[in-house]
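Residue 54 is where the sequence shown starts when you use the working numbering, and the numbers rise one by one after that.
Quick reminder that beta carbons are idealized off the backbone N, C-alpha and C, glycines included.
If you're wondering where the values come from, they're calculated on a predicted model, not measured in any experiment.
Here is the structure we will look at.
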Amino acid sequence: MKEINLSLLMKLAWHFRISDDDWSRFMRAKFINKVGDHCCGTKGSSIWVGIRVFLLSPRTLDGLLCATRTSCPPASQKVPTNKSCYWKLPNDGEVKINSDGLSRGNPRKGGVGFIIRDHNGTVLRTYSKGLGTVTSYMAECSALLQGLQDATSNGWLIAWSESDYAAAVEVFNNDNVPWQLKGNWEMVKTKIHQIRISSTWREVNFSSNQLANRGAKLL
């Protein structure tokens, strides 16, 4: 049905664009301005939205040819770009904590997860936990903090924490964490010798994302 409707709209647009009968002249006056450009507004029309899809945004070779024939410049499409992203090893003597938190509704039932690795990439710890009703922001901040707490409790005192949630990274780096987490954050800072906190792409952080998803299912 979608293809049939598109075909009918293409035929309709082609007809009012090239024909010289009264109806076509009326349609051109309604949908084309004085300088020959197509109108951006619908002007109360129920068909212009569909016609505009054909005339202004051809997505196939046939649509491009029709738009060219009607002297209608096709709308430019955003070209996707590929970017390389890497997971980097921590320094010798340092552990790296990749954390993630989520909420299934913001706020709704959520979870946290983190994975800790050493400088060889060896997995030292994985962790999942349900949080109950929580916002996405609080879940992300909680995940980052709980990863650091786990590192200190295991005697790893030089840590690199990485999250794909830039807002959480920013508040910890600025020492402006949510008040609910302030006490635990201050305790971590007294125990750990060196902390660095950075953001990364979600594609690099997929392991902790899976752990957070698992944690959200635990409650």
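With a CB to CB cut of under 8 Å and the five nearest residues on each side skipped, what residues in its chain are close to residue i?
i      : result
Gln199 : Ser152, Val165, Phe167, Tyr180 and Lys182
Ala192 : Gly154, Leu155, Ser156, Gly163, Gly164, Val165, Leu184 and Ala265
Near residue i, which residues of its chain fall below 7 Å by C-beta distance, leaving aside the five closest residues on each side in sequence?
i      : result
Asn144 : His172
Val176 : Ile168 and Arg170
Leu174 : Inspection of the sequence shows that residue 174 is occupied by Gly rather than by Leu. These residues qualify, in order along the chain: Leu142.
Taking DSSP as the reference, what is the three-state secondary structure of residue i?
i      : result
Tyr180 : strand
Arg267 : helix
Val224 : helix
Glu256 : coil
Asn262 : helix
Arg161 : strand
Thr205 : helix
Thr243 : helix
Ser195 : helix
Gly237 : Reading off the sequence shown, one finds Asn at residue 237, where the question assumed Gly. Helix.
Lys136 : coil
Asp75  : helix
Lys64  : helix
In whole angstroms, give me the CA-to-CA distance for residue i and residue j.
i      : j      : result
Asp75  : Arg161 : 59 Å
Ala212 : Gly158 : 31 Å
Gly208 : Thr188 : 31 Å
Gln247 : Leu210 : 7 Å
Val241 : Lys235 : 10 Å
Asp217 : Asn226 : 14 Å
Ser214 : Asn237 : 16 Å
Gln263 : Thr243 : 31 Å
Trp140 : Val257 : 6 Å
Tyr190 : Ser206 : 25 Å
Phe79  : Ser72  : 11 Å
Gln233 : Gly146 : 31 Å
Ala196 : Glu239 : 16 Å
Phe259 : Asp228 : 26 Å
Ser252 : Lys136 : 16 Å
Lys64  : Thr134 : 35 Å
Per DSSP, residue i forms a beta bridge with which residues?
i      : result
Trp213 : Lys149 and Arg249
Leu155 : Gly164
Thr186 : Lys162
Arg170 : Lys149 and Val176
Please state whether the Cβ-Cβ distance between residue i and residue j is less than 8 Å.
i      : j      : result
Ala204 : Ile150 : yes
Ile245 : Leu201 : yes
Ala265 : Leu142 : no
Ile250 : Val230 : no
Cys194 : Val224 : yes
Gly185 : Leu271 : no
Skipping 5 residues on each side, what residues in its chain have a beta carbon closer than 6 Å to that of residue i?
i      : result
Ser261 : Asn151, Ser152, Asp153, Gly166, Phe167 and Ile168
Gly268 : Gly164, Val165, Gly166, Ser181, Lys182 and Gly183
Trp254 : Cys138
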